[in-house]
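Below you'll find the structure, written out as structure tokens, and then a few comments.
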Amino acid sequence: MAALEAIAIAAGDAILPIYCTLDAATPQASKNLQLRTKADNTPVTAADALAHNTIVHALAQLPAPLGHYPVISEESAAATWAERKTWQTYWLVDPLDGTKEFLHRNDEFTVNIALIHNHHPIAGVVYAPALKTLYSGSENTGARKNHQPIAVQAPQQPLRIASSRSHPSATLQHFLAGFSVPYCEIPLGSSLKLCWLAEGLVDLYPRLGPTAEWDIAAGQAILEAAGGHVMCLDGTRLSYNRKASFLNPSFIAFGAKLPDAVAINTNW
0 MAALEAIAIA
10 AGDAILPIYC
20 TLDAATPQAS
30 KNLQLRTKAD
40 NTPVTAADAL
50 AHNTIVHALA
60 QLPAPLGHYP
70 VISEESAAAT
80 WAERKTWQTY
90 WLVDPLDGTK
100 EFLHRNDEFT
110 VNIALIHNHH
120 PIAGVVYAPA
130 LKTLYSGSEN
140 TGARKNHQPI
150 AVQAPQQPLR
160 IASSRSHPSA
170 TLQHFLAGFS
180 VPYCEIPLGS
190 SLKLCWLAEG
200 LVDLYPRLGP
210 TAEWDIAAGQ
220 AILEAAGGHV
230 MCLDGTRLSY
240 NRKASFLNPS
250 FIAFGAKLPD
260 AVAINTNW
């Protein structure tokens with residue numbers, strides 16, 4: 000885990016100088032940014048590519064078998080489904096999760112690295128370089144924040160609900176309208192939503208819209224290591240590399256216990 004943490008920190012620290020040169024009002028004016036829009040209408044920058052290259056190179060230097068596992072990254076051409084559907088173990092990477100947070104200079108962007116085995120994340124690291132905050136977790140080590148153990152907490156009242164800062168959702172508002180208990184929304188960027196769940200700062204993260212597998216895997220590994228859960232709406236554990244598409248279904252992430260208000264709404 001220490002080696003994985005070091006890789007995430009190196010990638011985050013590599014992109015921090017680009018971040019520090021941005022003007023939140025006009026980030027596109029930065030000569031270092033090289034901002035463009037991808038086919039899915041999401042932004043990508045030179046920082047994404049720099050973090051990607053740092054991570055992929057460092058993973059390849061790890062001792063066998065870790066250094067031999069294939070890598071799926073948001074910023075690289077993906078292997079074909081025919082090839083990757085045979086993979087048992089691989090790395091799943093989002094070099095810069097929360098590019099909009101990066102551009103808006105609100106500090107809520109992260110570097111995400113997960114190890115997937117048999118369709119589930121078994122280890123993950125999330126590093127927020129602007130906050131100098133490192134989360135990590137695995138089945139064997141438990142979850143940590145800046146090397147100190149963390150664990151999920153019992154739901155609070157009012158219920159603290161993490162929501163996406165950059166992707167407001169009418170579907171989420173409709174879902175929350177069915178709650179019979181008081182709640183408050185806490186907007187957050189990137190994988191910090193799952194990490195805050197892991198340390199007990201929020202109670203629930205319903206994501207009722209599209210995310211990519213690399214957005215969630217590392218945070219899921221940390222949350223599960225802290226005693227939490229990420230469940231699809233059919234009540235099954237969120238899993239990976241089961242289809243050609245990288246899009247996740249809607250899911251609900253929570254701590255040790257699903258809040259009663261959600262259990263009633265989902266019939267779990």
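Just so you know, the sequence shown maps onto residues 0 to 267 in numbering that gives the first Met the number 0. Glycine residues also receive a C-beta, built at the ideal position from the N, C-alpha and C atoms. Fair warning: this is a prediction, and the values are worked out from it, not measured in the lab.
{"Check": "Selection from Asp259, His51, Thr41 and Ile121 that minimises the alpha carbon distance to Ile14", "Outcome": "His51"}
{"Check": "Ile149 versus Trp90 - alpha carbon distance", "Outcome": "24 Å"}
{"Check": "Gly128, enclosing alpha helix (DSSP H) - first and last residue", "Outcome": "Note on residue identity: the sequence assigns Pro, not Gly, to residue 128. It is not in any alpha helix (DSSP H) - Pro128 carries neither H nor E in the DSSP assignment."}
{"Check": "Contact check, His118 vs Ser249, beta carbons under 9 Å", "Outcome": "no"}
{"Check": "For Glu184, the three-state DSSP class (helix, strand or coil)", "Outcome": "strand"}
{"Check": "Ile251 and Pro205 closer than 9 Å at C-beta", "Outcome": "yes"}
{"Check": "Thr144 - containing beta strand (DSSP E), residue span", "Outcome": "A small fix is needed here, since residue 144 is Lys in this sequence, not Thr. Taken as a continuous stretch (DSSP letters only), the beta strand (DSSP E) holding Lys144 covers Gly141 to Lys144."}
{"Check": "Of the residues Gln87, Val261 and Ile112, the one placed nearest Leu95, counting alpha carbons only", "Outcome": "Ile112"}
{"Check": "Buried versus exposed call for Leu187 [16 or more other C-beta atoms within 10 Å across all chains shown]", "Outcome": "buried"}
{"Check": "Range of the contiguous alpha helix (DSSP H) that encloses Asn52", "Outcome": "Ala45 to Ala59"}
{"Check": "7 Å Cβ shell around Val212 - same chain, five flanking residues per side excluded", "Outcome": "Here the sequence assigns Glu to residue 212, which means Val is not the residue at that position. For Glu212, where only same-chain residues beyond five positions count, the Cβ hits under 7 Å are Leu91, Tyr239, Phe245 and Asn247."}
{"Check": "Local Cβ density within 10 Å of Cys194, reported as buried at 16 or more and exposed below that", "Outcome": "buried"}
{"Check": "CA nearest to the CA of Lys84, picked from Gly227, Ile115 and Thr41", "Outcome": "Ile115"}
{"Check": "Buried/exposed call for Ala176, threshold 16 Cβ in 10 Å", "Outcome": "exposed"}
{"Check": "Inter-stretch contact at 8 Å, needing at least 3 Cβ pairs: the region 207-225 / the region 121-138", "Outcome": "yes"}
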